[in-house]
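In UniProt numbering, the protein residues as written are 1 to 127.
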């Protein structure tokens, strides 16, 4: 995957291009700058035994990667398969991390979200 130009400089400054990828419960991948990953990893590791399965999903599938000199990141085959990544992908900024989606899967996901009822948490939110 090529890292979009608008994110490259910030990621180089923030984490020297060091990222961690892992599975997301909604079928995409989470892409963390290394410092944000370390915080997330510590929070997940502290979860109780009742969350052991999710700890394995997040921590057991985590892979460290680096942005190469051509601004690319190598996504391991098992993570590409897990997220259904094909040729076209979407990298969405989510604050402390990114989500990496197959472009068609994200379009379908977003369409379903837009057709669903607004959740209670957003009903009083001011846009």
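Just so it is clear, CB atoms sit at the ideal spot from N, CA and C, and this is done for glycine as well.
>> Could you tell me the alpha carbon to alpha carbon distance between residue 163 and residue 82, rounded to whole angstroms?
In response: Given that the chain is displayed from residue 1 to residue 127, the structure contains no residue 163 and the question cannot be resolved.
>> Quick check on residue 54: buried or exposed, where buried means 16 or more other Cβ atoms within 10 Å of its Cβ?
In response: As a first step, residue 54 must be located in the chain shown, where it is residue number 54. It is exposed - the Cβ of residue 54 has fewer than 16 other Cβ atoms within 10 Å.
> Going straight from the alpha carbon of residue 17 to that of residue 113, what length do you get?
Replying inline: Translated into positions along the chain shown, residue 17 becomes position 17. Translated into positions along the chain shown, residue 113 becomes position 113. Going from the Cα of residue 17 to the Cα of residue 113 covers about 32 Å.
>> Between which two residues does the alpha helix (DSSP H) holding residue 55 run?
In response: For the purposes of this step, residue 55 is taken as residue 55 along the chain shown, with counting starting at 1. Residues 52-60.
> Does the distance from the C-beta atom of residue 165 to that of residue 101 stay below 8 Å?
Replying inline: For the chain, the structure presents residues 1 to 127; residue 165 sits outside this window and is missing.
> Between the stretch 43-51 and the stretch 26-35, do at least 3 Cβ pairs fall closer than 8 Å?
Replying inline: They do not touch, by the three-pair rule.
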